[in-house]
Amino acid sequence: METHPPDLKALMQRFGRSFLDADKAGLQSCVTSDFEWHLHAGPDAPHGRVVHGVDGMVEVIRWRQANWLDVRYQDVGYTYTESLVVQTFRIIGADQHGSRFDCRGVDLYQIQDGRLARKDSFWKHII
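Put into structure tokens, the structure is as follows:
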């Protein structure tokens, strides 16, 4: 049985909806003013690409929406503590070059003052 602080479950539900829609106002209600997203890949080794704030996050989300095809999330699960949310998932789709991807992912969300302060993403490629 999954246990979690109720406020964190509600926070993650709001964040998830806002993330998928690239909803700037919704995201701002969920994250700290100095929010960082450490993506699964990018030039900033070993951290992947790092974007800051809601504007940086929305830029990445909109780029993905415009360039990735047939993206599906499956097997999404959460584990909650007072200061950390662990999200596991599977993501399937095609990148901007048409290459298929199928990955198992883990996102670690650091909680600060009831908001998300950092999203650290890790992907393990199946194909």
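Counted from 1, the sequence shown has number 92 at position 92 by this note's numbering; the numbering is strictly sequential. Note that the Cβ used here is the ideal one computed from N, Cα and C, for glycine as well.
Reduced DSSP secondary structure (H/G/I, E/B, other) of Gly-105
On the sequence shown, position 105 is the one that residue 105 refers to. In the displayed model, Gly-105 falls within a strand according to three-state DSSP.
Trp-123 and His-40: beta carbons closer than 8 Å?
As a working mapping, residue 123 is identified with position 123 in the sequence shown. As a working mapping, residue 40 is identified with position 40 in the sequence shown. Their beta carbons are under 8 Å apart, which means Trp-123 touches His-40 by this criterion.
Cβ atoms of Val-85 and Ile-111: under 8 Å apart, would you say? As a first step, residue 111 must be located in the sequence shown, where it is residue number 111. As a first step, residue 85 must be located in the sequence shown, where it is residue number 85. Closer than 8 Å, so yes.
Review point. Using DSSP with H/G/I as helix, E/B as strand and the rest coil, what is Asp-44?
Key: In the sequence shown, the residue the question calls residue 44 occupies position 44. The DSSP-derived three-state label of Asp-44 is coil.
Same chain, Cβ closer than 6 Å to Ile-128, five either side skipped, listed in chain order
Residue coverage of the chain in this structure runs from 1 to 127, which leaves residue 128 outside it and unanswerable.
So, at 6 Å on beta carbons, what are the nonlocal neighbours of Ile-127 in its own chain, with the 5 sequence-adjacent residues on each side left out? If you number the sequence shown from 1, residue 127 lands on position 127. Excluding positions up to five away in sequence, the list reads Asp-102.
Inter-residue Cα distance where the pair is Pro-15 and Arg-90:
Stepping through the sequence shown from its first residue, residue 15 is reached at position 15. Stepping through the sequence shown from its first residue, residue 90 is reached at position 90. Note on residue identity: the sequence assigns Phe, not Pro, to residue 15. Distance from the CA of Phe-15 to the CA of Arg-90, rounded to the nearest whole angstrom, comes to 18 Å.
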